[in-house]
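Asker:
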Amino acid sequence: MFLPNNKSLGFSLIELLIGMTIMAVVIAIGMPSYSAWIQNTRIRTAAESIQNGLQVARAEAVKRNVSVQFVLSDGAAWLVGCETVNSTCPAIIQSRTVGEGSSGDITLATDAAFTVVFNNLGAVNVSPTPFTRVDVDSSVAAADRPLRITIGVGGNIRMCDPSTTLSSTDPRKC
């Protein structure tokens, strides 16, 4: 197709600057929400890692028909291993480091010891008293959404939201 010489294709400098200004404003408006979303994703990743470790420990206890322990350390690092080590049951069955599941700004709060022992039926050994919950939060963002992992005596493991703003009928509420 032939175009006359007085027509040009593309953008003028003014149009390009206006487009870049609009993009900068949109990015500036969305940046705080994006930062909060990233921080909440880190919290959820750490909480899911701990929950999965607890579920692995419970499943291994039932599968091996022995007591298996879940040991939680700083920064959401954990390991699952047999309580009594022998040739068929190793000291470490599975483990996760801090870098595999969360970042260093994740904080954990528990209400007792950092070890849970599951018996061969998948229930929690009540002697010594196990921790019954882990609160996963962030030390960085003020607008973050903390999560809580609860462990029942029967071995049931649940992740929930401790927020007081949720209605009592919301299934995510603790």
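The numbering of the sequence shown is this note's numbering, which starts it at 3 and goes up by one. For every residue, glycine included, the Cβ atom is placed at its ideal position computed from N, Cα and C.
Applying the criterion that 16 or more other CB atoms from any shown protein chain within 10 Å of the CB defines a buried residue, is Asp139 buried or exposed?
Answerer: buried
Asker: At which residues does the alpha helix (DSSP H) containing Leu18 begin and terminate?
Answerer: Leu15 to Arg66
Asker: Using beta-carbon positions only, say whether Ile52 and Val136 come within less than 9 Å of one another.
Answerer: A contact, by the Cβ cut-off of 9 Å.
Asker: Straight-line CA distance for Met22 to Val155?
Answerer: Across the structure, Met22 and Val155 are spaced so that their CA atoms are roughly 58 Å apart.
Asker: Might you give, ordered along the chain, the residues of its own chain that have their beta carbon closer than 8 Å to the beta carbon of Val128, omitting 5 neighbours on each side?
Answerer: Val155
Asker: Going by CA-CA distance only, name the one from Thr171, Leu168, Ile159 and Pro164 that's closest to Asn54.
Answerer: Ile159
Asker: Assuming Arg98 contacts Trp80 (C-beta within less than 8 Å), just tell me the rounded distance between them.
Answerer: 6 Å
Asker: When the distance is taken between beta carbons, is Val73 closer than 9 Å to Val87?
Answerer: no
Asker: Does the ligand GTP have a heavy atom nearer than 8 Å to the CB of Val100?
Answerer: Only the bare structure without any ligand can be found here, which leaves the ligand GTP out of the picture.
Asker: Tell me whether Asp139 sits in a helix, a strand or coil according to DSSP, three-state version.
Answerer: strand
Asker: Is Asp163 near Gln41, with beta carbons less than 9 Å apart?
Answerer: Judged by beta-carbon spacing, Gln41 lies beyond the 9 Å limit of Asp163, meaning their Cβ atoms are not closer than that value.
Asker: Taking its Cβ as the centre, do 16 or more other Cβ atoms sit within 10 Å of Arg174, making it buried, or is it exposed?
Answerer: exposed
Asker: Pull up the distance between the alpha-carbon of Leu56 and that of Lys65, whole angstroms please.
Answerer: 14 Å
Asker: So for Val128, helix, strand or coil by DSSP?
Answerer: Coil at Val128, not helix or strand.
Asker: Report the rounded CA-to-CA distance for Gly157 versus Met25, giving the unit in angstroms.
Answerer: 51 Å
Asker: Going by C-alpha to C-alpha distance, which of Asp76, Ala78, Cys84 and Ser75 sits closest to Val68?
Answerer: Cys84
Asker: Going by Cα to Cα distance, which pick from Cys176, Ser169 and Thr166 is closest to Ile153?
Answerer: Cys176
Asker: Quick check: what's the CA-CA separation for Phe116 versus Ile94?
Answerer: 16 Å
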